[in-house]
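Structure first, then comments.
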Amino acid sequence: MLNNMTIKKRLIILSALAITTIFLYALKVLYTDYIRYMDASKTIKGAELSVKLSDMLHEFQKERGASAGFLSSKGRKFKDTLLKQRKLTDEKIALYKEYISTHDDSYSSEAKRSIDLSGLEQMRKKVDSFSVSTKDAVAYYTALNSSIIDTVARISTRIIDPRLHNLMNSLVLFISAKERAGIERAVLSGAFSKDRFDKFLYSKFISVLAQQKAFFHLFEVTANEELKKYYDSLKSQPAFKEVERMRTVAQSRRKEFGVDASYWFKTITEKINGLKKVENFIQRQILQRSAEVKKSALTELLILTLLSLFALAAIGYISRSVTKSIISSIERLTRLMERIRNGDLSVEVERRSVSRNEMDVITKLLDSLVAIIRELTGRINLSVDMAAKGDFSRKLSDAGMEGDFATAIHMVQNGIQAMEDSHRKQQLINFSSKLHAIGDVGEGLSLMQNEISMLIEDLGHILKTTKNTSEQSSESINTLEDILQKLQSLVMQINDSNSSIERLNAMSNEITSVVDLIKDIADQTNLLALNAAIEAARAGEHGRGFAVVADEVRKLAERTQKATSEINVSINTMKQESSSIMEKSETMTKVAGVVSESVEDFKNMMQSLDADAKEMSELIEQMGDQVFVILTKIDHIIFKSNGYSAMVEARVDGTLEDYSSCRLTKWYVSEGKKRFSSVPSFQKIQTPHKAVHDLIMQNLQYIKGEDRRLEEEERIIENFVRMEEASRELFELLDRMRRELHEKSGFKKP
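As structure tokens, this is what we get:
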């Protein structure tokens, strides 16, 4: 349809399209600024809500710490503090509820959905009645505080302005860190109240301390300089140092801290109040920046509106004037060109003596158009014909040509030059293909992949050996403890046996004495009995005197009976002691056997540990050699790749180092000489290594100054081929050098 339109209509349509496009673009810009203005308005509301939330969060943090101290001390401490704190918390809750009830926006709706205060009164009653543990109470307040922090974080994600977004991120990080400080206050309030840590409190303390440090570090990274200076000025306050001292005490022991819980609560509350000042400082910056963004957006909106209206009016006027001028000139030129088209090259063009615009210049040049076209065509045809035959020696001249005709000459010359460049580039492509055929970096990287796989396997072996060493060390310790216990038992048994033997010896002596006594008594009894019999026979009636003898015999009999009883008792006791000695001797024998076996097992374990330690040391040493060899290969693959790239792109930069600056050369004369000088391959690596560097450096001479790549193509290709051969030889010697050293040391990888 446009092909059938006149230029006048096209210009009118073009002007209309231009005006419409500019109008739509202006609307888009205005709409963007309007959205920015509305976002700034919403941002102020979000910032105001964030202030309310952070104030309420601060009071919840203090109430959590007071509740923890109250529960841990069983109500002996923090009672008055807790009641006062609840009043402060209720005041902030009331301000928060009043704000969301009077602001019906997305931020308030988000806060209503995310923050649940319905269980607060019930939790307070449980705290007052001691029907909830310190752990659960802290967990409730922590969860509530987390929901507040998450709400502030979500508000920050909706902010478009970068500086304001960064300030909101700083606020989120800072209140998150302050929240951990509040948890620390609650945890240590409980611990100091009990004067000891339980398992939960200690682990919670360590975790919260680490999180707190991480959040403060992130805050310092993201905060602007003004915030950092303000925060640093507060860190020098006495409360910060005193909290750090008491924290160190808590970290160094599990009980008997010597720290009063109320003093801890008061001191860290002073610190947190200091942190609250920083928080308030951030809030003021957020509110100030929000107001600035809103004001700036409104100003830009008004300015762009006025500029858009002015631009539309100016463009409309200019379009009308230009269209009228162009159409008038076209109509005049159309009449002239019609005569020229009919072959009337003798036409005289009417023109002003002084050109006013481009159309007058065209009219002036039209007079010489025919002659110029004839000359132009002849020159172009001759040059193009020679170029088509591969002869680029003829250069088109623009002598006598001006304006677009001279441009046409130049364009044709550029086309011929492009043909020449294309021909040369094709030759360079062929040259580059030959270079890539010599050195393939991908092949070298595949080689590195295999080496790295071997390294990963060795790392797995190290891990396995380490685990075995650890397990056997544990078993050795247990075995040693068992040996010590059994040796102690053996010593006790031996001591008991010695005591029993001593008692047995004493009893044996007593038995000997008793036996002697019995013997004496028996002798006397026999003698008296004999005398009594003789006297009785002689005396007859007078035998009454032998009554005395009879009495003595009776006494001797009693003594004999008594001695016999004592002998029986002693013998029985001796039997019992003998049995005891027998049992203990058997026990000692068994214990000695077990001890012997345990000692033997311990010896074997220690030998195994020693072997594993030596194997691990040798394996790590071998891996160090392997990693260096891999690094050296990568260095030279990159060096070769840079050499190929430099030759293809005809550039020389600082990425190509000479032989003396190479990592391998420095290693060869220092660490390598100490470690590998005894193996044959070490002495051979310098020759191929030097060849790799020297051959590439030789090729670089052909692109320094004048580019002589095509003229010296064969020599360059030959140097690269020799360089690749030297590189392969170098890589093989490095691998062989490493194997020779490890074989010489007698270590073989499992």
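Quick note on numbering: the sequence shown equals residues 2 to 751 in my numbering.
For each residue, glycine too, the CB sits at the ideal point set by N, CA and C.
Own chain, CB closer than 6 angstroms to residue i, minus 5 neighbours either side, in chain order
i       : result
Lys-136 : Phe-201
Arg-664 : Asp-636
Val-153 : Ser-51, Leu-54 and Val-173
Ala-727 : Pro-689, Ala-692 and Val-693
Val-133 : Lys-127
Phe-683 : Phe-677 and Met-738
Met-402 : Ile-410
Phe-752 : Within the shown structure, residues of the chain are numbered from 2 to 751, placing residue 752 beyond reach of any answer.
Glu-511 : Ser-571
Phe-241 : Lys-272
Own chain residues within Cβ distance below 8 angstroms of residue i, not counting five before or after
i       : result
Leu-288 : Ile-45, Ala-48, Glu-49 and Val-52
Gly-66  : Gly-183, Arg-186, Ala-187, Ser-190, Phe-266, Ile-269 and Thr-270
Gly-653 : The residue you asked about is not Gly; residue 653 is Val in the sequence shown. Closer than 8 angstroms at the Cβ level, and outside the excluded window around Val-653, lie Ala-647, Leu-701, Ile-704 and Lys-705.
Arg-709 : Tyr-703
Val-250 : Phe-258, Gly-259 and Val-260
Gly-443 : Residue confidence for Gly-443 is low, a pLDDT of 48 falling below 50, so the modelled location carries little weight and cannot support an answer.
Lys-98  : none
With 16 other Cβ atoms within 10 Å as the buried cut-off, status of residue i
i       : result
Lys-295 : buried
Gln-238 : exposed
Pro-689 : buried
Tyr-645 : buried
Ile-36  : exposed
Asn-720 : buried
Phe-131 : exposed
Leu-464 : With a pLDDT of only 49 at Leu-464, under the threshold of 50, the placement of this residue in the model should not be trusted, and no figure is reported.
Val-222 : exposed
Phe-311 : exposed
Met-412 : exposed
Met-39  : exposed
Glu-712 : exposed
Met-493 : exposed
Beta bridge counterpart(s) of residue i as assigned by DSSP
i       : result
Arg-197 : Lys-256
Among the options, nearest to residue i - alpha-carbon criterion
i       : options                               : result
Asp-117 : Phe-175, Tyr-100 and Tyr-141          : Tyr-141
Ile-101 : Leu-89, Ser-115 and Ser-682           : Ser-115
Ala-17  : Met-648, Gly-317, Ser-107 and Val-693 : Gly-317
Met-698 : Phe-640, Trp-668, Lys-563 and Ala-192 : Phe-640
Ala-178 : Glu-293, Arg-159, Glu-257 and Asn-146 : Asn-146
Ile-176 : Glu-293, Ile-149 and Glu-243          : Ile-149
His-302 : Tyr-32, Asn-281, Leu-89 and Val-244   : The residue asked about is misnamed: residue 302 is Leu in this sequence, not His. Ranking the options by Cα distance to Leu-302, first place goes to Tyr-32.
Asp-1   : Arg-77, Leu-276 and Gln-212           : Nothing can be reported for residue 1, as the shown portion of the chain is limited to 2 through 751.
Thr-666 : Arg-321, Ser-490, Ile-686 and Lys-85  : Ile-686
Ser-119 : Thr-103, Ile-94 and Ser-107           : Ile-94
Asp-91  : Ser-73, Lys-75 and Gln-62             : Gln-62
Ile-718 : Val-649, Ile-160, Val-628 and Ser-661 : Val-649
Glu-741 : Asp-483, Val-680 and Arg-321          : Val-680
Val-628 : Glu-511, Lys-675 and Met-455          : Met-455
Asp-497 : Asp-105, Arg-716, Ser-107 and Thr-588 : Thr-588
Leu-657 : Ile-13, Arg-246 and Ser-642           : Ser-642
Arg-246 : Leu-165, Ile-638 and Tyr-264          : Tyr-264
Asp-34  : Ser-204, Ser-309 and Ser-157          : Ser-309
Arg-159 : Glu-64, Thr-300 and Glu-111           : Glu-111
Ser-109 : Ser-253, Arg-155 and Glu-482          : Arg-155
Thr-143 : Asp-162, Arg-164, Ile-14 and Leu-121  : Leu-121
Ile-327 : Tyr-660, Thr-408, Val-670 and Ile-13  : Ile-13
Ile-210 : Lys-242, Gln-252 and Tyr-232          : The amino acid at residue 210 is misidentified as Ile; the sequence shows Leu. Nearest option by C-alpha distance: Gln-252.
Arg-504 : Gln-577, Gln-525, Glu-226 and Lys-556 : Gln-577
Cut-off 7 angstroms between Cβ atoms - residues of its own chain near residue i, not counting five sequence neighbours on either side
i       : result
Leu-168 : Ile-283, Gln-286, Ile-287 and Arg-290
Ser-42  : Lys-295
Glu-744 : none
Ala-19  : Ile-316 and Ser-320
Tyr-767 : Any question about residue 767 goes unanswered here, given that the chain covers just 2 to 751.
Short CB-CB distance (under 8 angstroms) between residue i and chain C
i       : result
Lys-229 : In summary, chain C is missing from the structure at hand, where a single protein chain is found.
Uninterrupted alpha helix (DSSP H) stretches inside the region 39-65 (no shorter than 4 residues): Here no run is fully enclosed.
Length at least 4, wholly inside the region 269-293: the alpha helix (DSSP H) runs in chain order: Fully enclosed alpha helix (DSSP H) runs of no fewer than 4 residues are not present anywhere in the region 269-293.
Whole beta strand (DSSP E) elements within the region 124-211, 3-residue minimum: If we require 3 residues or more, the region 124-211 turns out to have no beta strand (DSSP E) run fully inside it.
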